[in-house]
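In this note's numbering, the protein residues as written are 1205 to 1294.
Take a look at the structure below.
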């Protein structure tokens, strides 16, 4: 009996996309958690400053995601995806 079959797409491209999205989400969560620990413990920044920085980054990411979504609706998904790759590596 499969585990939660209603949450897993059928085999094929949708399942691959769902799996890659899951791995990306887990990786981002681990990265952010480790980043908070690094900045508060090793760099000795105050937790409020780290929280403010992550909050500003999250808001900017949300705003850019909305703008990229509108752009993808008008011009197709390839251009915003390719433009966002180098930015996400920074």
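Don't be surprised by glycine CBs; every beta carbon is placed ideally from N, CA and C.
query = Within this structure, are the beta carbons of residue 1290 and residue 1272 separated by less than 7 Å?
reply = No, the pair does not count as a contact, with Cβ atoms beyond the cut-off.
ask   = Do the CB positions of residue 1260 and residue 1244 come within less than 7 Å of each other?
value = No Cβ-Cβ contact shorter than 7 Å links residue 1260 with residue 1244.
task = Report all residues from its chain with a CB closer than 8 Å to the CB of residue 1219; omit the five preceding and five following residues, and keep chain order.
result = The beta carbon of residue 1219 sits closer than 8 Å to the beta carbons of 1212, 1213 from its chain, once the five residues preceding and following it are set aside; these are given in chain order.
request  = Have a look at residue 1250 and residue 1241 and give me their C-alpha separation to the nearest angstrom.
outcome  = Computed Cα separation, rounded: 11 Å.
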